[in-house]
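One structure is given here, and the rest of the page talks about it.
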Amino acid sequence: MASITIDLPDSQFQKLQDLARVHGIPAEALLRASIEDWLSSSKGDFTQVTDYVLNKNAELYRRLA
Numbered sequence: 697m698a699s700i701t702i703d704l705p706d707s708q709f710q711k712l713q714d715l716a717r718v719h720g721i722p723a724e725a726l727l728r729a730s731i732e733d734w735l736s737s738s739k740g741d742f743t744q745v746t747d748y749v750l751n752k753n754a755e756l757y758r759r760l761a
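So, in structure tokens, the structure goes:
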């Protein structure tokens, strides 16, 4: 497993710790879950936009081919 180190302003670090405490999990677990969610949703969003553009312009693409 790879690791990464980032610098956070004290205010963001405190918010992260507070949120993790509310959920009863370590801050690292909260960050890992957030990153996994972001990575999976970003791909889905991109795929949705791509499908929309391809479908919207399908007739144009057929004419240009």
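Going by the numbering used here, 725 is the number at position 29 of the sequence shown; the sequence numbering is gapless.
Glycine included, C-beta positions come from ideal geometry on N, C-alpha and C.
Remember, it's a predicted structure, so these values are computed and weren't measured experimentally.
Can you give the Cα-Cα distance for LEU735 and ASP741, rounded to whole angstroms? LEU735 and ASP741 have their C-alpha atoms spaced approximately 10 Å apart.
Got a sec? Which residues, its chain only, sit under 8 Å from GLU755 by beta carbon, not counting five neighbours each side?
If we look at GLU755 and ignore the five residues flanking it on each side, it has no Cβ neighbours.
Inset, instruction - Pull up the CB-CB distance for ALA716 and ALA723, whole angstroms please, since I reckon it's below 8 Å. - result: Yes, they are in contact, since the Cβ atoms of ALA716 and ALA723 sit about 4 Å apart, within 8 Å.
Hey, quick one: how far does the alpha helix (DSSP H) through LEU756 stretch, first residue to last? Looking at the DSSP string, the run of the alpha helix (DSSP H) that includes LEU756 is 754 to 760.
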